[in-house]
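Taking this note's numbering, the leading residue of the sequence shown gets 40, the next gets one more, and so forth. Note that the Cβ used here is the ideal one computed from N, Cα and C, for glycine as well. Comments concern the structure below.
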Amino acid sequence: MKEHSALRRMMSVLKLDGRQMAKDGVKTKKSLPQMAARPRKSALTLRTSLSRSPLPYLPPELWLLIIRYATAPEEGAGALAPYDALPYTCASSFSSYTSTSSSFIPSASTSLIPSSSSSTSLNTTATTTSTSEPISFLAFPHSHSHLQQRQESYNRAIRYKASLRRVCRLWNEVAQEVLYEFVWISRAVEARRLAGALVRYQNGGAGAGGNVSGWENNSPGRHIRRLHIETPNLDRCSPFDLRIILDHAPRLTVYSDYRSIRRLSPFSDPPDPRLSPSQLLGALVQGSSLKRLSWTNYEYDLGDFVGGVSFYKRVVSPMLQMTAAQLEFLELDFCATANFGQTTSRLGDEGKAMEELVTQALNGAGLVLPVLRSLKVTLDNATFAVLATWSMPLLQNLSVLSADFSYAGTGFAQFFLIHGPKLVQLELGHSSGAIEEHYLTAPPTAAGGALGRIPLADWCPNLREFICSADAEWNWQSPDWIAPHVLLPTHPMLQFIGIRDVEKRLIDDMRLSDDRLREGGVDGEEEEDPFFMLEEQVGSLLRREAFPALLYVRDMSWGSDVMRRTGRMWRKVLRFWWRVLDRCKERGVWLEDCRGVNVTVSDLRRAEVAGAR
């Protein structure tokens, strides 16, 4: 116990000193004489000099552990969680750091109130030190959501880590691992600088002491465990720089690319085959250490079903086979190259390709992902047709973002018939209103094109958690109530429903009401309730006959939580939440914020007081 107390005191001192250095910009070197530049010394000389310093001599491994905890955010900093740049742990070697930084930390005042965050089956955190728990999409951000805020959070953490490297030579070397273990490329120039630095280390021209012997042991690339590439659309990074980074990151465990790699020009002379998307994927999985993969396919033709199936069988499946034994999370996205609404595959070819996939699945020749637990995909018929042939025995969580209307396709039905019984958490990310409009205009198909012929609840009998969007429209078949999603109007076992985009819905409804009021088309009585549609949607979730086992409804929007806690946007927003909270109490359902903390009457009263100031 004494050792733990001493370690905690040391960590608190390190946090205080590090934050002060970060605040001052580390400009005052006189207070730390150990920061003066000196020639490179041997380990014995370094130990002797450290013995005369205020810092105690400790093994580098212990300093590394201390620095990890010192750079982790404090408890109570949960307000930054939606913008957290670390939604899940990257590797077991630094899980203690990432698991702390990415958790939604509830306040102590609500610890006695039942919450889905305290339930073993409804865990709100996506991070865990154990590989047996799947990544939850309740805490997994969508690409380019709150991009600026998440980048600012990441940059603050990096500046703080860099300030610790300036304390002494030992910390400069030890903290390098903490500094480089997670790299976020947010602009093309950042990828270029990182690639250039790695090349300089390889050529022996860089290093802390200017004298590098054996770049393999000194290159910061060996510390890169997670590479996150998320840039603006007009500032994508070069595939040439990415290939250099991948070649110098042999211990990469987590890789994420969200449509942030620049495509090669077909007129480039000569084209470099090493920079094609398929070759980059091959370089990525070469080391077979990858556990989390978010990959964008830049060679995909949305209208070519046969070509899409062929690409998965020819490129994706063989590449993923190299890292299949340890792949726990997989996200597949694509940048379509064909025009939506047009198809280059004939119906006969599509039927033949589907028959071949079914035969392949029956013969057990599909890809086997033995430890995959979470899957996020952009829905199209070819992708789901191929995924139906894969063996994923531990799959529990699925997130689907629709790029077309393939809910009626044979691939969608085949996938859920095979993998649906294993699913515990499901997210359907397409607008329900858009799906309904499609079903009104599209003819029925053999796979269940009519809206009522998609028995999603029967396909997923063990579903416990469902995530939908707040943009649902009136159900044209049942206008008396609004389902959370048109494909899941009811489920007997569902215990948790999470709602995204509440912030956007509140702002849009309020602006629409203001516009109508200015135009003189609304009387005062109707204008008093601009959130009627949204309130009815939330109320529909509480219908006992639709979801008899429901226990929790969560507002997953961070912006909506800020509006509710501060009361500074509109008083009508607080009145809306008062009515929603009353409905939840009548139904016996807990209303939660984005952290998984219960929304209480006291919270709304405090917001009213804060908004009145």
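If you reduce the DSSP assignment to three classes, tell me which class residue i lands in.
i, result
"Cys507", "strand"
"Thr292", "coil"
"His458", "helix"
"Gly627", "coil"
"Glu338", "strand"
"Leu418", "strand"
"Glu269", "coil"
"Ala227", "helix"
"Arg232", "helix"
"Pro483", "Model confidence at Pro483 stands at a pLDDT of 47, short of 50, so the residue's coordinates are unreliable; what they give is reported in the following sentence. The answer is coil: DSSP assigns Pro483 none of H, G, I, E or B."
"Ser596", "coil"
"Val648", "helix"
"Tyr96", "coil"
"Pro126", "Confidence at Pro126 is low in this model, with a pLDDT of 40, below 50, so the placement of that residue is unreliable and no value is reported for it."
"Val355", "helix"
"Asp642", "helix"
"Asn211", "helix"
"Leu551", "helix"
"Gln360", "helix"
"Phe570", "coil"
"Thr529", "coil"
"Leu177", "coil"
Among the candidates the options, whose CA atom is the shortest distance from the CA of residue i?
i, options, result
"Ser596", "Gln534, Ser579 and Cys507", "Cys507"
"Glu625", "Leu371, Arg582 and Leu266", "Arg582"
"Leu332", "Val416, Cys374 and Tyr351", "Val416"
"Ala111", "Ala649, Leu218 and Leu281", "Leu218"
"Arg503", "Ile536, Pro528 and Val354", "Ile536"
"Tyr294", "Glu584, Val222 and Asn257", "Val222"
"Val425", "Gly468, Tyr96, Lys611 and Ser356", "Ser356"
"Arg661", "Trp498, Pro460, Trp102 and Gly260", "Residue coverage of the chain in this structure runs from 40 to 652, which leaves residue 661 outside it and unanswerable."
"Asp296", "Met602, Arg275 and Gln241", "Arg275"
"Gly450", "Leu465, Met431 and Ala427", "Ala427"
"Glu172", "Leu433, Val348, Glu647 and Glu584", "Leu433"
"Ile263", "Arg290, Val577, Trp629 and Gly347", "Arg290"
"Gln190", "Tyr240, His267, Ser258 and Ala234", "His267"
"Val648", "Asn637, Leu613 and Val638", "Leu613"
"Ser579", "Leu551, Met602, Leu527 and Pro569", "Leu527"
"Tyr108", "Arg644, His181 and Ala196", "Ala196"
"Ile224", "Leu369, Glu584, Leu556 and Gln187", "Gln187"
"Met602", "Leu545, Glu100 and Leu556", "Leu545"
"Met431", "Val345, Pro99, Leu359 and Asp497", "Leu359"
Going by beta-carbon coordinates alone, are residue i and residue j separated by less than 8 Å?
i, j, result
"Arg226", "Ser277", "no"
"Lys352", "Thr292", "no"
"Asp632", "Asp600", "yes"
"Val619", "Glu574", "yes"
"Asn501", "Val463", "yes"
"Leu371", "Trp334", "yes"
"Phe586", "His530", "yes"
"Ala437", "Leu366", "Note that residue 437 is Leu in the sequence shown, not Ala. Not closer than 8 Å, so no."
"Asp642", "Arg604", "yes"
"Asp554", "Ala509", "no"
"Gly347", "Thr422", "yes"
"Ile284", "Ala234", "yes"
"Asn211", "Arg204", "yes"
Which partner residues of residue i appear in the DSSP bridge assignment?
i, result
"Tyr591", "Phe535 and Trp629"
"Leu186", "According to DSSP, which records beta bridges pairwise, Leu186 is partnered with nothing at all."
"Ser413", "Phe368 and Asn436"
"Ser333", "Ser295 and Glu370"
"Phe221", "Arg265"
"Asn637", "Glu631"
"Leu467", "Val439"
"Ile300", "Cys276"
"Ser430", "Val407"
Please check the pair residue i and residue j, which I expect to be a contact at CB under 8 Å, by giving their CB distance rounded to whole angstroms.
i, j, result
"Leu495", "Phe455", "7 Å"
"Ser327", "Thr362", "5 Å"
"Ser571", "Leu533", "Reading the sequence as shown, one finds Phe at residue 571 and not Ser. Between Leu533 and Phe571 the Cβ distance is about 25 Å, and since that is not below 8 Å, they are no contact."
"Arg282", "Arg302", "That pair is no contact at about 14 Å."
"Gly260", "Ala288", "5 Å"
"Gly559", "Arg610", "With a Cβ gap of about 23 Å, Gly559 and Arg610 do not count as contacting."
"Leu590", "Val628", "6 Å"
"Ser299", "Thr270", "4 Å"
"Asn420", "Phe373", "Contact flag wrong, Cβ pair sits at about 13 Å."
Would you say the beta carbon of residue i comes nearer than 7 Å to a heavy atom of the ligand FMN?
i, result
"Leu620", "Within the structure as shown, the ligand FMN is missing, as the structure has no ligands at all."
Answer with yes or no whether the minimum CB distance from residue i to chain D is below 8 Å.
i, result
"Thr605", "In the displayed structure, chain D is absent; only one protein chain is listed."
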